[in-house]
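K.L.:
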Amino acid sequence: MQVILFDLDGTLTDSGPGIMRSVQYALEKMGRPVVDLQALRCFVGPPLKEQFMAYAGFDDGEALEAIRYYRERYTDKGMFENEVYPGVEDILKLLVDRGRILAVASSKPEVYVRQILDHFGLSVYFREIVGAELNGRTSKSEVIEEALKRLGMSNHRQAVLMVGDRDYDVIGAHHCGLQCIGVSYGYGSREELQKAGAAYVADSVSALAVLAESDEDDETVETNSIDMGNFLEEPVPSTSESRSVRIKPDPREPVQGETVGKKIWRVIYPLLLHFAITTAVTTVGDSFIAIVAIFLLGITDQAEIMEMMTNSVVLLTGVANLVSMPVQLKLIQSDRHRRKSQQYHYKSRPGKDSSASVMLGVVLSSMALCQIINDLIMFSGISRIFPGYDQTSTRVFGGQSIFMLLAVVVIVSPVIEELVFRGLLQQRIRDYLGRGWAIGLTAVTFGIYHGNVVQFIYASLVGVFLGCVLERTQDMRAPIVAHIVANFWSIIGMTIITLILGSGTIASLIADVIMLPVLGVGLWLTFFRAPAR
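In my numbering, each number is its position in the sequence shown, counted from 1, plus 23.
Below you can see the structure in the form of structure tokens.
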């Protein structure tokens, strides 16, 4: 995995006008007015304190005072006298799509860097945004070291490259053991960058596309006079003649900058959070029922109070799921942003396909699987060996309104369970282990979550199907629909089948024979039919 650090001023954005006008303002306040704004181009990029001292001959105290005046104007106006270089966002998107991890390492105070990137909508592309501190690190090398630390790359410098427009960027990168690509479209000249030791000088934003070439496929790309050390299989001599080189794929695993413990916690805490919310809502609900029963209804018989609590399980489950839903949606949204900024990388997946034919296949497959798996469990005798599920479902669901069951069991519960298991658990496992492990581990966890042997078997098998549906469609609506259909069929569909065919082994076999071609058609539409174009 290759990590690329970008400078901000003169590399990503043309911030010169705002910087130069703010410097002009500061020098005027210091009694050193400058009429020619272009004479202040040298201030774009380098640390301000050193540049004020070099340009105006200020001592340490005077330089700090000039910086204070500079910030008076820059914070109010200068920061946004700025624009993104044309093509920069396209290059960033290309690099992210090709698996590069991106970060910003700027000599500008970090608070300003973040505000500017947020203002232009570029923050999403960067895993880390590092700048100087108003009263701390100031030199380029200190900023780069902090970026390496945050990225977990301090011991993997051969996989990191700096991109900047001034000799300060090149020198700072070399001081930290990194190579640097210079960009001459900013505020430093090609000569300045080459003299400082830039490995390559890009004369346009589009020339940075070389950084996106050849990753897993080890493709050949054209470059000019570029010696990128460990980024390349061989150094390229300094010559103006273009030649073909191969960018060396990094053999290590993608760098995530997370310990194993943090990865495990990231995977499981949405499920633990959902469990905590459910427990809290259920506890509060049961307490409320007990208070009402004892103090308002005068019921003192413990068995009767417990019966009231049992009858409220479905309702309280629905309430808990509704409370948990916005929390899980927020986590999913956060994950999307982090993946977009390439904090988590996995191999490219097939394109999104949730067309009408695929969704029809999902519906048919869900109905058939529900019927067939439940019948197979019945034929196996497992439900007689482990009668806990039948006893619990009779006690909890017996006497419940059909509308309550449809609302909670068929609609609300499938939605929240898919958000937690497929939307968060499966996709977070996939961030680290890939699709196969993600589908399998999530399915097993989904089975365990249901709390009894019969449901473990059913939910694990259905969970594999739901996980495959998500990977096939890349659309969370698909496994949600599949789960809703499966739960609907288990409550309504199987009841209708029983009314038509009767109960018993023969009736179940007939139902399964009918459902097998339905399953075949459903699976073909979902997984094997050519994608919609």
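Cβ coordinates follow ideal geometry from the N, Cα and C atoms, glycine included.
(1) Looking at C-alpha atoms only, which residue of R94, G308, V438, Y78 is the closest neighbour of N334?
(2) Run through DSSP, which three-state label would C199 get?
(3) Is the number of C-beta pairs between the segment 284-302 and the segment 443-463 that are closer than 8 Å three or more?
(4) In angstroms with no decimal places, state the Cα-to-Cα distance between L28 and L184.
(5) Using DSSP bridges, identify the partner residues of T36.
(6) Classify P132 as buried or exposed, calling it buried when 16 or more other Cβ atoms lie within 10 Å of its own Cβ.
(7) Could you spell out where the alpha helix (DSSP H) holding M76 opens and where it closes?
(8) To the nearest angstrom, how far is the alpha carbon of C65 from that of V153?
(9) Using the C-alpha atoms, what's the distance from I515 back to I503?
(10) Look up L184 in the DSSP assignment and say whether it is helix, strand or coil.
(11) Ends of the beta strand (DSSP E) at V224?
(12) Who pairs with A126 in a beta bridge, going by DSSP?
(13) When the distance is taken between beta carbons, is A86 closer than 7 Å to F75?
(14) Skipping 5 residues on each side, what residues in its chain have a beta carbon closer than 7 Å to that of M401?
(15) If you follow the alpha helix (DSSP H) that F444 is in, where does it begin and where does it stop?
(16) Take the Cβ of L171 as the centre, count every other Cβ of all protein chains shown within 10 Å, and call the residue buried at 16 or more, exposed below.
(17) Under a three-way DSSP split, which group does G205 fall into?
(18) Put P410 into one of helix, strand or coil per three-state DSSP.
(19) So if DSSP puts P132 in a beta bridge, which residue, or which two residues, is it bridged to?
(20) Quick one: using the 10 Å Cβ neighbour count with 16 as the cut-off for buried, is P56 buried or exposed?
(21) What's the C-alpha gap between T246 and V233?
(22) Cα separation between P394 and M538?
(23) Assign H473 to one of three DSSP states: helix, strand, or coil.
(24) Mind checking W460: buried by the 16 CB within 10 Å criterion, or exposed?
(25) Return the CA-CA distance between H360 and V315, expressed in angstroms with no decimal places.
(26) Can you tell me where the alpha helix (DSSP H) with A534 in it begins and where it stops?
(27) Spatial neighbours of F469 within its chain, please: CB distance less than 6 Å, with the 5 preceding and 5 following residues excluded, ordered by chain position.
P.N.:
Looking at the coordinates:
(1) G308
(2) coil
(3) yes
(4) 6 Å
(5) D32, V107
(6) buried
(7) 71-79
(8) 22 Å
(9) 18 Å
(10) strand
(11) 223-225
(12) L28, E151
(13) yes
(14) S531
(15) Note, F444: premise wrong, no alpha helix (DSSP H); not H, not E.
(16) buried
(17) strand
(18) coil
(19) A155
(20) exposed
(21) Because T246 sits at a pLDDT of 33, beneath the cut-off of 50, its placement in the model cannot be relied upon, and the following sentence gives the value as read from the coordinates. Rounded to whole angstroms, T246 to V233 spans 7 Å at the Cα level.
(22) Per the sequence presented here, residue 394 reads as Gln, with Pro not at that position. Taking the straight line from one Cα to the other gives about 8 Å.
(23) coil
(24) exposed
(25) 46 Å
(26) 528-546
(27) F444, A482, G486
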